[in-house]
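A short write-up of the structure that comes next.
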Amino acid sequence: MNKIQETAEGKRLIEDRDRSQNKYWKRWGSYLSDRQWGTVREDYSADGAAWDYFSHDQARSRTYRWGEDGIAGISDNYQRVCFAIALWNEKDPILKERLFGLTNSEGNHGEDVKEYYFYLDNTPTHSYMKYLYKYPQKAFPYTQLIEENRHRKSTNPAALEYELIDTGVFDDNRYFDVFVEYAKNSPEDIHIKISVTNRGSETAKLHLLPTIWLRNTWSWGYKNQTKEFKYLQAIKTDSNLSVIETVYQDNEEVKTLRRGWLYSEAPKELLFTENETNKKRFGWGENSGPVKDGINDYIVSFGKNKTVNSTQKGTKAAAHYDLTINPGETKVVRLRLSDQNLDSPFGNDFETVLQTRQKEADEFYQAVCPSDISKDMRNVQRQSFAGMLWSKQYYHYVVYDWLNGDPNPPKPPEQRKWGRNREWDHLFNEDIISMPDAWEYPWFAAWDLAFHTVTLALIDPEFAKKQLYIFTREWYMHPNGQLPAYEWAFGDVNPPVHAWAAWRVYNIEKDMYGTADRKFLEEIFQKLSIYFTWWVNRKDAEGNNLFQGGFLGLDNIGVLDRSNIQIPNATIEQSDGTSWMAMYCLNLLKIATELAKEDSNSKSSIKSSKNYRSEYEDMASKFFQHFLLIADAMNKVGGTGVDIWDKEDKFYYDILKAPPGVVQGANNEGVLLMKVRSMVGLIPLFAVETIEQEIVDKYLASDFKKRVYWFINNRPQLTQHENVSVLPNQKGLYYLSLVNKERLKSILERLLNEAEFLSDYGIRALSKYHKDNPYVLRANGQEYRVEYEPAESKYGMFGGNSNWRGPIWFPVNYLIIESLLKFHDFWGDQIKVMCATSSGEKKEMNLQEVANELSQRLIKIFLKNPTSGKRPVYGSSEKFQNDPHWRDLILFYEYFHGDIGAGIGASHQTGWTGLVAELIQKSAQDIT
């Protein structure tokens, strides 16, 4: 047991993993989504207009089919019971029960949450969680936000988004800070503390409604999902303590009942209603009793509307606290959600448990990163981990039932059977999954998830491994071998980075926790080999080892929409598609070399009389051969394929193939090299790997080594160049790379040029060269263009809420850093380049030093500048930069301004931006 596992939280993780003493610590967690409305899975329209079919305005009155949402919420792992807070300032027209934001069509850059909330702390077992919501005391400017963003969209598409803080609603600090803390006394005994501070200069009223409800599983007509044994009821109401009992079926098949209790300290009253749709509001018929918005209507009418259940029973309930808070005052509300029937739920141990769990969280994260780093850097890493853990969400979506409808009406339109996700009716999702952003992207995204697992592995390798593995299971992976992309289009193609992530997670767990989980590596290797075959069969259209794939996660990076080329009969040979596949080959090759080692503890039925496993040596040989063929096609070494390396510019570009005469500037065969200097031309750097000679000699000598020498002797055109060093160097390393030494140097000249890719805050996705030199393509009388846009895009491609034409993106920056370290492993000081330091000084560096420099540039996006005290992530926002109640709260944006480092896009995408925690970890280790 290492130091992390010796902490109280580390021991809880082991208990949860082993289910020792039936301690399922993760049964409850921050699994409630920030947004369920406007999602594909809740869309039953004929045209697939998910944002319009189920809106924010409707959400308070309509029952969700597939999940629930709320503010600072938690639920059990099947979301049978949910808990969250609701607020009312006596100014708003509705209760603040869920976060508000603009839909894709309303926002001037697509969907965008218009609230301020922060994930302050969380532990892997959710033994301690802390959340902050900032609630204005003035009326929330719903209409103003919609209208101003719509105006900007129509008049100036490149304008920045109009945010909540821009409305003036936080002027004079007239808002409440609402802190919500959870601490587990046991896996199902949760202490809840809500602290509300009035930051304004005047006394203000606040109605606080901690709310508990049951997810509606009974309205859809399934015989095994009835309402008979699902209810909440008041069993005690007095001036000091009120108690709500929860009763629900834990197992629908065997009808087992679970009971729990929500204890509330001295509320004004308990309010009950039903989690049922308000049919009358939508003209769908009469209501049979209280409905979902009953508590809302009762509160905002000051109790005049008798829309709650006077019998104190229902499937949704709230404890109502009517608070008057003086300037600067903090009022505390205490609750306890427990599986125990307690006489004194708020004894002396209540605060002790909260304080103990917070202290244990401190000890756990200190053990994760024991190095002596600055307080500010530790705060950034801690909030990054918190964001990752708050973004774990219960995700439920059964495509067959969604397409065909439930037994109870209404039936979905027949058009749906020929629409979105129709080819994925095998998909059955009901898991806790890491979301990119629990409001803006409250659904899994396959390639995002791979990056999430690298950060999650630092603190919870078991969860990280499970995330990767479940996507390869038969209820996720398509029968043809494809991994699902995301719910808007499961069939879209994402970069195949799961093998890379699996290898990284395996090694992080081995290095930090001392466990080499070969069983996980072996099982996922088998599944990812199937996915590799899907790529080979589906995305190499001409069988020449040059791969397509569509947008490949880079949205608007191309001059054309690469998933929907508007030029008839045109195709694109993608530099990045081919490079991702070369990287995939090398990832699987690396895993195969690890699995080829005989494991003395292995329980595999396949044994070898030698000290290696021959079946994995065979697989290593296969991926070695496939890599050589891709490298040959990519670099036109000894072949006659399409050359996507431009000798004049010394850079990789995409190739457009169209009918002759259609594309201006194309050759007689209709082929055009599209000279856009973008991340597409940098991704070939990712396909690099080294293998230790000792491993080859000891475990791969029977077949793999022979195959290497066979290629040397029989296919010299594939091996006699610096992309592949088939003989070990002085360090004893075999070297495989798409990019040879000279091309690497040429690419690095552009990569580290501040007039092109290098920003003070990382590597831009598009060269700044295109600021003054836009790339223009003309075809069929249409003009398409790419220009450098360091912030938001003024074009609507991919909904306009994502921009790869200049900003800085963490996932690809992270892979660039990792690749440079691999190049350095082989080349050492043989390759040195000129690179500017953060201070502006240019100096000669080896590639390890360059990687460290890039890492520090990314980290400093979030850190206070030593001189100005300002964080680049917050740009010119005075509130975030200077206010003591804002300036140490960190948001992890989707991407960052290519020149000034300000956060852009989804504001809570800790997901892959959470990689900053891993960069800090590495930086701390380097310091040590």
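Quick note: the sequence shown uses this note's numbering, first residue 54, plus one each step. Cβ atoms here follow ideal geometry from the backbone N, Cα and C, with glycine treated the same way.
Can you tell me which of the three DSSP states Lys17 falls into? Here the chain comprises residues numbered 54 to 981, so residue 17 is not present and cannot be evaluated.
Leaving out the 5 sequence neighbours to the left and right, which residues in its chain are closer than 8 angstroms to Thr116 when beta-carbon positions are compared? For Thr116, where only same-chain residues beyond five positions count, the Cβ hits under 8 angstroms are Asn269, Ser272, Asn328, Glu329, Thr330, Lys345.
Would you check if the stretch 402-414 and the stretch 179-186 touch, i.e. whether three or more CB-CB distances between them fall below 8 angstroms? yes
Pair within 8 angstroms by beta-carbon distance, Tyr186 and Val231: In this structure, Tyr186 sits near Val231, with a CB-CB distance shorter than 8 angstroms.
Between the beta-carbon of Trp553 and the beta-carbon of Asn609, is there less than 8 angstroms? no
Using the beta-carbon count (16 or more within 10 Å), is Ala499 buried or exposed? buried
Measure the beta-carbon distance from Ile914 to Val903 and round it to whole angstroms, keeping in mind my assumption that it falls under 8 angstroms. Not confirmed; about 18 angstroms, so no contact.
Which residues in the same chain as Ala503 place their Cβ atom closer than 6 angstroms to its Cβ, once the five residues preceding and following it in sequence are excluded? Val550, His551, Ala554
Between the alpha carbons of Leu735 and Ile486, how many angstroms are there, rounded? 30 angstroms
Would DSSP call Arg227 helix, strand or coil? Coil, per DSSP.
Measuring alpha carbon to alpha carbon, tell me which of Gly967, Asn935, Ser930, Asp878 ends up nearest Ile912. Gly967
Span of the beta strand (DSSP E), counted from its first residue to its last, around Val886: 885-889
Just checking my contact of Gly123 with Arg151 at CB under 8 angstroms: how many whole Å lie between their CB atoms? 6 angstroms
Helix, strand or coil for Leu873 per DSSP? helix
Any heavy atom of the ligand ATP closer than 7 angstroms to the beta-carbon of Lys191? The model depicted lacks the ligand ATP and carries no ligand whatsoever.
Below 8 angstroms, how does it come out for the stretch 391-403 and the stretch 162-170: are there three or more Cβ pairs, yes or no? Counting Cβ pairs under 8 angstroms, fewer than three are found: no touch.
On the criterion of 16 or more Cβ atoms from any shown chain inside 10 Å, does Lys759 qualify as buried, or is it exposed? exposed
Can you tell me where the alpha helix (DSSP H) with Lys206 in it begins and where it stops? Start and end: 195-208.
Ignoring anything shorter than 3 residues or poking outside the stretch 819-853, list the beta strand (DSSP E) runs there in chain order. 828-832, 835-839
Considering Asp129, what are the terminal residues of the beta strand (DSSP E) in which it resides? 124-129
Tell me the DSSP secondary structure of Gly154 in three-state form. In this structure, Gly154 counts as strand in the three-state DSSP scheme.
Do you know offhand how far Trp587's Cα is from Leu607's? 21 angstroms
On the CB-based measure, 16 or more other CB atoms within 10 Å of its CB, does Ala453 come out buried or exposed? According to the sequence shown, residue 453 is Tyr rather than Ala. Label assigned to Tyr453: exposed.
Rounded to the nearest angstrom, what separates Gly694 and Arg817 at their Cα positions? A caution first: Gly694 carries a pLDDT of 45, below 50, which makes its placement in the model unreliable, though a value can still be read off. Near 30 angstroms, if we compare the C-alpha coordinates of Arg817 and Gly694.
Which residues does DSSP pair with Lys366 in a beta bridge? Gln286
Drop a sphere of 10 angstroms on the beta-carbon of Leu310, count the other beta-carbons inside from all chains shown, and report buried for 16 or more, exposed for fewer. Under this definition Leu310 is an exposed residue.
How many angstroms separate the CA atom of Pro769 from the CA atom of Ala673? 20 angstroms
Three-state class that DSSP yields for Cys422 in the structure shown: Of the three classes helix, strand and coil, the one that applies to Cys422 here is coil, per DSSP.
Compare the C-alpha of Glu201 against each of Tyr188, Phe543, Leu155, Lys237 and name the closest. Closest option to Glu201, judged by alpha-carbon separation, among Tyr188, Phe543, Leu155, Lys237: Leu155.
Coil, strand or helix - Gly440 by DSSP: In this structure, Gly440 counts as helix in the three-state DSSP scheme.
Please report how far the alpha carbon of Phe403 lies from the alpha carbon of Ala236, in whole angstroms. 9 angstroms
Count the other C-beta atoms from every protein chain shown that fall within 10 angstroms of the C-beta of Met530, then say buried if there are 16 or more, exposed otherwise. By the 10 Å Cβ count, Met530 comes out buried.
Please report the Cβ distance between Trp443 and Ala491, rounded to the nearest whole angstrom; I am assuming they are in contact, meaning their Cβ atoms lie under 8 angstroms. 7 angstroms
Distance, Cα to Cα, Gln36 vs Ala844? Because the chain here runs from 54 to 981, residue 36 falls outside it and cannot be looked at.
With a cut-off of 8 angstroms, do at least 3 Cβ pairs link the stretch 372-384 to the stretch 272-285? Note that the stretch 372-384 does not touch the stretch 272-285; fewer than 3 beta-carbon pairs, one per stretch, sit closer than 8 angstroms.
Burial state of Arg88 (16 or more Cβ within 10 Å): Buried, since its Cβ has 16 or more Cβ neighbours within 10 Å.
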